[in-house]
Amino acid sequence: DGGITQSPKYLFRKEGQNVTLSCEQNLNHDAMYWYRQDPGQGLRLIYYSQIVNDFQKGDIAEGYSVSREKKESFPLTVTSAQKNPTAFYLCASSGLAGGSPQETQYFGPGTRLLVL
Amino acid sequence: GQQLNQSPQSMFIQEGEDVSMNCTSSSIFNTWLWYKQDPGEGPVLLIALYKAGELTSNGRLTAQFGITRKDSFLNISASIPSDVGIYFCAGRYMNRDDKIIFGKGTRLHILP
């Protein structure tokens, strides 16, 4: 099946630890995105990438890092510099493949990060 | 970052009632999207709108791209229990990069 997968579903982080959230898509989409969602809030953009080996900061990039070495993969690292990392993290992709207009974003199932 | 104004923030309705929610922006959009999110899951795209005045249906859902390009609404007819969740609008500004702006969501509750 085509889609976006995120792993793990739940992730626990200790103080001072970096953790990496996985996002993979087999939709042949060019663009990928990471969002953070806090309770009762909308989605806030962390980083996005429109093409392999290139990415841009979103609205709340501090304390996060990303890489885009492959078209299918866009992992997000939550570093120890992110002082309030507890949130629900959503990955999305968009592209022209399959006739999808570039503006339409499709989401993965999310990863919930909790701090111990 | 700038956000859309989405209202209402939450709704409590009886099963079978119709629902209406809307989003407004201070700037012109060239795309409006409506998503639904179930608890603990990622948002699922319901309807995408690409032209001013466009009216699109998906089953019991109907959404419209406002003529001014600054607003959109979503209607749900004859609500059922599985309609419970959070509905998000999203839009893309004209002449901007590919970033999409999300509203804060409308949480729909259905009373037994």
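Residue numbers (our numbering), protein chains in the order written: chain B, 25 to 140; chain X, 15 to 126.
For each residue, glycine too, the CB sits at the ideal point set by N, CA and C.
Note that the structure is a prediction, hence the values are computed from the model and not measured.
Start-to-end residues for the beta strand (DSSP E) that takes in residue i
i                      : result
residue 48 of chain B  : 43-49
residue 61 of chain X  : 58-63
residue 78 of chain B  : 78-81
residue 89 of chain X  : 85-90
residue 45 of chain X  : 43-51
residue 111 of chain B : 111-118
residue 137 of chain B : 135-139
residue 24 of chain X  : 24-28
residue 129 of chain B : Premise fails: residue 129 of chain B is in no beta strand (DSSP E) and is neither H nor E.
Residue i (DSSP reduced to helix, strand or coil)
i                      : result
residue 96 of chain X  : helix
residue 98 of chain B  : coil
residue 101 of chain X : strand
residue 123 of chain X : strand
residue 103 of chain B : coil
residue 29 of chain B  : strand
residue 78 of chain X  : strand
residue 18 of chain X  : coil
residue 122 of chain B : Interpretation of residue 122 of chain B is limited by its pLDDT of 46, a score under 50 that renders its predicted location unreliable; the figure taken from the coordinates is listed afterwards. Residue 122 of chain B: helix per DSSP, three-state reduction.
residue 72 of chain X  : strand
residue 74 of chain B  : strand
residue 38 of chain X  : strand
residue 84 of chain B  : coil
residue 114 of chain X : coil
residue 37 of chain B  : strand
residue 65 of chain B  : coil
residue 147 of chain B : Residue numbering for chain B in the displayed model covers 25 to 140; residue 147 of chain B lies beyond these limits and cannot be assessed.
Residue-level contact to chain D via CB, residue i, 8 Å cutoff
i                      : result
residue 128 of chain B : Looking for chain D here will not work: the only protein chains present are B and X.
Cβ-based neighbour list, residue i, same chain, cut-off 8 Å, excluding 5 preceding and 5 following
i                      : result
residue 100 of chain B : 44, 45, 47, 58, 70, 71, 88, 89, 90, 113, 115
residue 10 of chain X  : Because residue 10 of chain X is not part of the residues shown, which for chain X are 15 to 126, the question remains open.
residue 68 of chain X  : 78, 79
Contact set for residue i: own chain, Cβ-Cβ below 6 Å, skip 5 residues either direction
i                      : result
residue 119 of chain X : 100, 102
residue 5 of chain X   : A query on residue 5 of chain X cannot be resolved here, the shown segment of chain X reaching from 15 to 126 and no further.
7 Å Cβ shell around residue i - same chain, five flanking residues per side excluded
i                      : result
residue 97 of chain X  : 90, 122, 124
residue 81 of chain B  : 71
residue 65 of chain X  : 79
residue 111 of chain B : 60, 61, 62, 137
Buried versus exposed, by CB contacts within 10 Å (16 or more), residue i
i                      : result
residue 45 of chain X  : buried
residue 38 of chain B  : exposed
residue 128 of chain B : buried
residue 28 of chain B  : buried
residue 116 of chain X : buried
residue 23 of chain X  : exposed
residue 93 of chain X  : buried
residue 130 of chain B : buried
heavy atom of the ligand GTP below 7 Å from residue i C-beta
i                      : result
residue 115 of chain X : Of ligands this structure carries none, so the ligand GTP is not represented either.
- request: Note down, in chain order, all residues in the segment 55-84 of chain X with a beta-carbon under 9 Å from any beta-carbon belonging to chain B.
  value: Shown in chain order are the members of the segment 55-84 of chain X whose Cβ falls below 9 Å from a Cβ of chain B: 55, 56, 57, 58, 59, 62, 64.
field: Against chain X: residues of the segment 50-65 of chain B by CB proximity under 7 Å
entry: 55, 65
field: chain B contacts made by the segment 85-108 of chain X, where a contact means CB separation under 7 Å
entry: 102, 106
field: Selection of the segment 40-51 of chain X by Cβ proximity to chain B, strictly under 9 Å
entry: Result list: 44, 45, 47, 49, 51.
- prompt: When you check each C-beta in the segment 18-33 of chain X against every C-beta of chain B, which residues fall closer than 7 Å?
  reply: From the segment 18-33 of chain X, no residue has a Cβ closer than 7 Å to chain B.
message: Along the segment 68-84 of chain B, where does the CB come closer than 9 Å to a CB of chain X? Name the residues.
response: 68, 69, 72, 74, 80, 82, 83, 84
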